[in-house]
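Protein chains in written order, with the UniProt record's numbering: chain A, 1 to 485; chain B, 1 to 100.
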């Protein structure tokens, strides 16, 4: 049924997933014996294990050019899946390091849930069957519901968990309902086989457009695109900051991984309107995210609305549905991972020092910690798309893909929105750099792990923004492997 | 043998009753019941098409959907119990610590 290349066995091609599962069990096992000695050790074990599984992912990706169907067509191991798996695993490793700074999150359960969620995302990126997409989406989401409510003594955290779960359950049900109709039209659940089946059938486009809209509801929730974004501000504000960072980067990247696969395979066949639906979602996300971000008082809420707007920019690349668009989305997600994790890591330590997340308490950050103030500058300018930082290259790629696909109007809206977004990013920077501090507790960073992860993130922002070619080549390989049958 | 359109219409009605329940009801438990209705509407469509095509994959999907729904409800109930301890209510309108 597909292009099979080389002689790698099915077991070997899901090596990263297998390593993640073993690691998750090891973490739980270690908890039994080691908890009394050093809880931080579990975090370090998690990160070392994640690095190994990322290496596994890179190794198997070198073995194949086209797509390889494994496990009865449930998964399709291709370059896109590998690249996204490395993105998720990097995000999980950085989050694991950041979490060591938050004493309420240092426990084996936390790392176990983080690893299982990452496992779900890795499977999601490789899924090529409707059942598998649904199962791995849920495997990625359900641990996140618990993680969002992980500070279970704080009402706001539990509330965030419950809201995240309610919206998530509704969205995934709507998506399954859409899947049932896809199955009904084609008689198969295999993604790449649906294409062929649909082209021969006589189904009214209105019905298929309905199915596309139902499916977009489920994926739109995962990427927090308007109009499925209502959970995002509440969850980002209430959830532990490290978890919010993970949800806004790795989980969003997982949503885009599956959306890209759908957009390059079945969506255009199903409905001629699907690029316009995606474009409409992009415009709505950018406008709603940017306009509502302007008046936010809470830094984490501001990041939530900014992340809704970022989903809009990335959707421009998805709506373009061409090779450059898919590569741009991949590059953007890599850049966004390091950038937004930096911003959330800052929110985490500053929030812990001030015991609130208000933007006004960022005042005089330059005097309290010049290094953190400089990092805030780097990460917010990268979010705003200013060169030489990573965000600029991501924006450039998705916008040029939009122009290439003949959607110049969409790109104009997106560029105007980036200018709008600079207003509130610079407003935060103005408070951090020019205002006088009202309170001056020293911002203390207890753990080396937090420092290491933070330096990696900052280095990532600069490297992705300056040394473009290797990552761009990687993204192009991933993009072109998606559409190969 | 009833034609497939009967099953589809029934499923769509069930799905919309479920959506209305989620949107209108304020008790988190009732919201969960409405969610189950939506899940079962999807299951009904899977089974109906599966019989139409005389193929098993639709029926197998139903097992997965049911399992995931059960896992989801388990997490949801746990979160509800935790929230009930502090708020003594599971009214979704009273979950307003987070807004702005």
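A virtual CB, placed ideally from N, CA and C, is assigned to each residue, including glycine.
- Residues 95 of the same chain have their beta carbon placed closer than 6 Å to that of residue 246 (chain A), with the five preceding and five following residues left out of the count.
- A:381 is the residue among A:74, A:381 and A:277 whose C-alpha sits nearest the C-alpha of residue 430 (chain A).
- Distances from the alpha-carbon of residue 322 (chain A) to those of A:25, A:283, A:398 and A:376 put A:398 closest.
- Only exposed fits residue 85 (chain B), as fewer than 16 other CB atoms lie within 10 angstroms of its CB.
- Taking CB atoms only, residue 21 (chain B) has no neighbour in chain A less than 7 Å away.
- For residue 152 (chain A), at least one C-beta of chain B is nearer than 7 Å to its own C-beta.
- Inter-residue distance for residue 187 (chain A) and residue 49 (chain B) is about 8 Å (C-alpha atoms, whole angstroms).
- Not a single C-beta of chain A is nearer than 7 Å to the C-beta of residue 10 (chain B).
- Contact annotation: residue 46 (chain B) and residue 58 (chain B) have beta-carbon atoms nearer than 7 Å.
- The three-state secondary structure of residue 68 (chain A), taken from DSSP, is strand.
- In this chain, residue 56 (chain B) is not harboured by any beta strand (DSSP E), its DSSP state being neither H nor E.
- Residue A:480 holds the alpha-carbon nearest to the alpha-carbon of residue 261 (chain A) among A:273, A:480 and A:207.
- Straight across, the Cα-Cα distance linking residue 56 (chain A) with residue 21 (chain A) is about 13 Å.
- Chain-order list of chain B residues neighbouring residue 165 (chain A): 72, 75, 76 and 79, by C-beta distance under 8 Å.
- A distance of 7 Å or more separates the beta carbons of residue 253 (chain A) and residue 218 (chain A).
- Contact check for residue 294 (chain A) against residue 424 (chain A) passes: the beta carbons are separated by less than 7 Å.
- Residue 136 (chain A) sits close to residue 124 (chain A), with the two beta carbons spaced by under 7 Å.
- Neighbours of residue 27 (chain B) in chain A, taken as residues at a C-beta separation under 9 Å, are lacking, since the least C-beta distance is about 12 Å.
- Distance from the CA atom of residue 34 (chain B) to the CA atom of residue 34 (chain A), rounded to whole angstroms, is 44 Å.
- Taking the Cα positions, residue 427 (chain A) is about 40 Å away from residue 49 (chain A).
- Annotated as distal: residue 339 (chain A) and residue 303 (chain A), with beta-carbon spacing of 7 Å or more.
- Under the Cβ criterion of 7 Å, residue 109 (chain A) is not counted among the residues facing chain B.
- Here DSSP, grouped into helix, strand and coil, assigns residue 190 (chain A) to strand.
- Proximity of the region 401 to 417 of chain A to the region 462 to 476 of chain A falls short of the contact definition, fewer than three beta-carbon pairs being nearer than 8 Å.
- Chain A has a Cβ within less than 7 Å of the Cβ of residue 38 (chain B).
- Under the Cβ criterion of 7 Å, residue 320 (chain A) is not counted among the residues facing chain B.
- Here the region 230 to 250 of chain A makes contact with the region 152 to 163 of chain A; the two share three or more CB pairs at distances below 8 Å.
- Secondary structure of residue 358 (chain A) (DSSP, three-state): strand.
- When DSSP states are grouped into helix, strand and coil, residue 91 (chain B) belongs to the strand group.
- Contacts with chain B at 7 Å (Cβ-Cβ) include residue 173 (chain A).
- Annotation for residue 75 (chain A): the continuous beta strand (DSSP E) segment containing it runs 75 to 77.
- Around the Cβ of residue 91 (chain B), a 10 Å sphere holds fewer than 16 other Cβ atoms; the residue is exposed.
- Any Cβ of chain B closer than 7 Å to the Cβ of residue 357 (chain A) would place that residue at the interface, and such an atom is absent.
- Under DSSP, residue 298 (chain A) takes part in a beta bridge, and its partners are A:358.
- Within the region 46 to 62 of chain B, 46, 49, 53, 55, 57, 58 and 61 place their CB atoms closer than 7 Å to a CB of chain A, listed in sequence order.
- The count of Cβ pairs closer than 8 Å, one atom from the region 209 to 226 of chain A and one from the region 72 to 85 of chain A, stays below three, leaving the stretches out of contact.
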